[in-house]
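Worksheet: the structure to be examined is printed underneath.
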Amino acid sequence: MKKIKLAIVGAGVWGRTHAGIFREHPLAETVGICDLDKKRAEALAGEFGIPAVYSRVEDMLAESGCEAVSIVTPDHLHAEAAVLCANAGKHLLIEKPLATTRDDVKRIVEAAEKNKVRVMVDLHNRWSPPFASAKEAIQAGELGKLRNGYFRLNDIKWVATDMLKWSAASSILWFLGSHSLDTLSWLFGSRVRRVYAVSSRGVLAKLGVNTTDTYLSTLEFENGCIAQMENSWIDPNANPNINDIKCTVLGDKGMISIDASHHNLIQKYTDTTVTVPDVLVRNTVHGRVKGFAYESIRSFVDKLAMDEEFIVSLEDAASVSLAILAIMESAEKGQPVDVRY
Ligand SMILES: NC(=O)c1ccc[n+]([C@@H]2O[C@H](COP(=O)([O-])OP(=O)(O)OC[C@H]3O[C@@H](n4cnc5c(N)ncnc54)[C@H](O)[C@@H]3O)[C@@H](O)[C@H]2O)c1
Numbered sequence: 032m033k034k035i036k037l038a039i040v041g042a043g044v045w046g047r048t049h050a051g052i053f054r055e056h057p058l059a060e061t062v063g064i065c066d067l068d069k070k071r072a073e074a075l076a077g078e079f080g081i082p083a084v085y086s087r088v089e090d091m092l093a094e095s096g097c098e099a100v101s102i103v104t105p106d107h108l109h110a111e112a113a114v115l116c117a118n119a120g121k122h123l124l125i126e127k128p129l130a131t132t133r134d135d136v137k138r139i140v141e142a143a144e145k146n147k148v149r150v151m152v153d154l155h156n157r158w159s160p161p162f163a164s165a166k167e168a169i170q171a172g173e174l175g176k177l178r179n180g181y182f183r184l185n186d187i188k189w190v191a192t193d194m195l196k197w198s199a200a201s202s203i204l205w206f207l208g209s210h211s212l213d214t215l216s217w218l219f220g221s222r223v224r225r226v227y228a229v230s231s232r233g234v235l236a237k238l239g240v241n242t243t244d245t246y247l248s249t250l251e252f253e254n255g256c257i258a259q260m261e262n263s264w265i266d267p268n269a270n271p272n273i274n275d276i277k278c279t280v281l282g283d284k285g286m287i288s289i290d291a292s293h294h295n296l297i298q299k300y301t302d303t304t305v306t307v308p309d310v311l312v313r314n315t316v317h318g319r320v321k322g323f324a325y326e327s328i329r330s331f332v333d334k335l336a337m338d339e340e341f342i343v344s345l346e347d348a349a350s351v352s353l354a355i356l357a358i359m360e361s362a363e364k365g366q367p368v369d370v371r372y
């Protein structure tokens, strides 16, 4: 089978993850990498053997010969590059969230439709082993008719204060709430109809990051399911894992509970620290990349090569962004808000 020529826009932390799996995938060939900061792109190109480096997306599109592009720019900067690439006829893997404004969601969807390009958004929790098992059990009818859910997906403060340079331009709702909301929608098999949310600020602002600390959201789905979703960026830095992930889904015949962060597979102790090393999300085994963060990106290449439907549709990802906008509006107004699709 012919290799797919791929390019990457955004040579940061997560651009590295894309480059890692493309290097190993037998059907992928990375032909170019682009970053406004050319030195960052050069560093990744050197590490992963990528032949061409660009600082402008337009030049990459004109010269690299790519057929598909990964958009791995900060949360609020996906649309510009995505629309340019779609207009150039390139298929797209866009990091989550699809976009952070109604206008940007619309622009991307319209450009994809007009140019008939295929788009997947990297809502990778669908590849997480416990959640994939839950989905199978639900599909097999083991829980009966689904009724309620609960999802906590928090990060330690360090992600907002140190890891991301642009956290003040985003929020925990975009950064992780997009995963928890997508997962609930996927497990329930339904879009969010109405939301009622509250939020709090102050802890991150004091640390110099002007964004919301926590969103607590009540979600009503179109099929009648209801859920509580908690997304906070202020978990203590000493939490043994960067994320805190808890999920419960309840049906009239059964329940599934998931604790994906405090797993008991491995704990590491020293005289001063306790850590729970990541062996599920993005790890390596004998030098090869493993974990569900790589699986979602691998799946994009597989599905593109085999001309099969992506596991996350553009419509699903657009619905997630629009539901998040409704949550933000609800938290601001102190009232329930219907999601406008
Ligand atoms: N799937 C996941 O769970 C997961 C995990 C981490 C990050 N992400 C997502 O990946 C995206 C990038 O995050 P990151 O941590 O790698 O950020 P980062 O800040 O480390 O890297 C982003 C890079 O994009 C570059 N950039 C910005 N605008 C550009 C443009 N117009 N053209 C070219 N380059 C541009 C910046 O210079 C920077 O180097 C975000 O949307 C984030 O939410 C997803």
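Numbered continuously in our numbering, the sequence shown closes out at residue 372. Glycine included, each C-beta is placed from N, C-alpha and C at the ideal position. It should be emphasised that the depicted structure is a prediction, and the values quoted were computed from it without experimental measurement.
Euclidean distance between Cα positions of residue i and residue j
i    : j    : result
I289 : C278 : 5 Å
L174 : A168 : 7 Å
K121 : G285 : 44 Å
A250 : V223 : The residue asked about is misnamed: residue 250 is Leu in this sequence, not Ala. The straight-line gap from Cα to Cα measures roughly 6 Å.
I81  : V62  : 6 Å
E55  : S216 : 31 Å
S330 : L154 : 12 Å
S209 : A117 : 23 Å
R71  : V44  : 10 Å
K364 : Y227 : 10 Å
A76  : P367 : 48 Å
Extent of the continuous alpha helix (DSSP H) run through residue i
i    : result
A348 : L345 to K364
S237 : For clarity, residue 237 is Lys in the given sequence; the question names Ser instead. Taken as a continuous stretch (DSSP letters only), the alpha helix (DSSP H) holding K237 covers V234 to K237.
D213 : S209 to F219
S198 : Careful: S198 lies outside any alpha helix (DSSP H) and carries neither H nor E.
Simplified DSSP assignment, three categories, for residue i
i    : result
Y372 : coil
E339 : coil
R224 : strand
G51  : helix
V190 : helix
I289 : strand
E167 : helix
D333 : helix
E251 : strand
V307 : coil
S159 : coil
V316 : strand
V240 : coil
Residue range of the beta strand (DSSP E) that includes residue i
i    : result
D186 : L177 to D186
I64  : A59 to C65
Q259 : I257 to S263
A38  : I35 to V40
K321 : R319 to K321
D275 : N274 to G282
M151 : V150 to V152
Cβ shell of residue i (< 7 Å), same chain only, five flanking positions each side left out
i    : result
S211 : F182, L184, M260 and N262
L58  : M32, K34, I35, V332 and A336
D275 : R183, N185, D266 and S292
W205 : D106, P128, T131 and I355
T104 : V40, G41 and A112
Neighbourhood of residue i by C-beta distance below 6 Å, restricted to the same chain and skipping five residues each side
i    : result
K188 : I265 and N268
N254 : S221
W158 : F323, E326 and S327
N156 : F162, H210 and T214
H109 : I102, I125 and A130
Own chain residues within Cβ distance below 8 Å of residue i, not counting five before or after
i    : result
L218 : F162, A165, K166, I169, L177, G180 and V280
V240 : A191, T192, S198 and A199
G233 : D244
S86  : C65, D66, L67, D68, K69 and A72
Residue-chain proximity (residue i, chain C), Cβ-Cβ < 8 Å
i   : result
I64 : Here chain C cannot be found, since the structure has a single protein chain.
**OP:** Mind listing, in chain order, the continuous alpha helix (DSSP H) runs of no fewer than 4 residues lying wholly within the stretch 80 to 148?
**Re:** For the stretch 80 to 148, whole alpha helix (DSSP H) runs of length 4 or above, ordered along the chain, are 88 to 94, 109 to 118 and 133 to 146.
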